[in-house]
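So the structure is just underneath, and the comments pick up after that.
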Ligand SMILES: [Zn+2]
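Residue numbers (our numbering): 7 to 249.
Pasting the structure below:
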């Protein structure tokens, strides 16, 4: 289906669909827009901001200044287009999956130690390669294809940045194998387990780091001091974990 013009009066489409077309045709991928620009484009539409946010359920990625600290409070960045929602069939196929209940969300966050299962960052942590970005992790339902070819729907914890890049494929198998062979034997075994499972697991140090990040800031220094004293007092090496 051809992409209709966002302001075509003959287009019978709701605000979310027009908003998607406006993002593509007026804002452009990678650019920012303000709440005022959005309201001016859609005068007399109440809660146009919320209609635009609904696009996230269709794989569209929009950042506010809570995800990208270089943005002003009234700015949003259009990071990535998702499903072509103006095409009824595509929209139906991409329709939001069954929503995640609070109980499911908490169980998945705890299973994944509040870390993105793709890159390992914890919620609220700065990205090592981009300190302006603070990770926001969320639980999403994804389709996974396991190594044996079976398909499953699964809940995973992932950060918004990984979610935005999840579908960018890189077919460099040689680079993957070279990097894999550089791993220590125990890390390589762990990686192979993750590959079978289709998502990473938290390692012991990840779990401890995640527990540290969830300590109130005022208690962290004391906790670190006590940890240092504990390690100097006794050297304990537990068995390697199977995560
Ligand atoms: Zn991530």
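Beta carbons are placed, not taken as given, at the ideal position from N, Cα and C, and that holds for glycine.
Predicted, not measured: the structure shown is a model, and the values here were computed from it.
Same chain, Cβ closer than 7 Å to residue i, five either side skipped, listed in chain order
i           : result
residue 119 : 208, 212, 213 and 216
Alpha-carbon to alpha-carbon, residue j and residue i
i           : j           : result
residue 18  : residue 24  : 9 Å
residue 56  : residue 230 : 43 Å
residue 140 : residue 167 : 10 Å
residue 248 : residue 198 : In this prediction, residue 248 scores a pLDDT of 48, lower than 50, which makes its location untrustworthy; the coordinate-derived value is nonetheless stated afterwards. Rounded to the nearest angstrom, the two C-alpha atoms are 12 Å apart.
residue 182 : residue 122 : 20 Å
residue 106 : residue 117 : 15 Å
Chain-order list of residues whose beta-carbon lies under 6 Å from that of residue i (same chain, five-residue window excluded)
i          : result
residue 70 : 82
residue 9  : none
residue 29 : 84
residue 78 : none
Nearest neighbour of residue i, chosen from the options [CA to CA]
i           : options              : result
residue 109 : 66, 161 and 170      : 161
residue 59  : 76, 41 and 141       : 41
residue 72  : 138, 147 and 210     : 138
residue 47  : 14, 193, 192 and 181 : 14
residue 20  : 136, 87, 52 and 148  : 52
residue 149 : 232, 99, 16 and 177  : 99
residue 165 : 44, 159, 80 and 147  : 147
For residue i, the first and last residue of its enclosing beta strand (DSSP E)
i           : result
residue 82  : 81–86
residue 139 : 136–140
residue 67  : 67–69
residue 107 : Element bounds for residue 107: n/a, residue is neither H nor E.
residue 38  : 38–40
Neighbourhood of residue i by C-beta distance below 8 Å, restricted to the same chain and skipping five residues each side
i           : result
residue 246 : Model confidence at residue 246 stands at a pLDDT of 46, short of 50, so the residue's coordinates are unreliable; what they give is reported in the following sentence. Only 192 meet the Cβ criterion.
Extent of the continuous alpha helix (DSSP H) to which residue i belongs
i           : result
residue 219 : 210–219
residue 168 : 166–171
| query | Do three or more CB pairs link the stretch 216–234 to the stretch 127–141 at distances below 8 Å? | reply | yes
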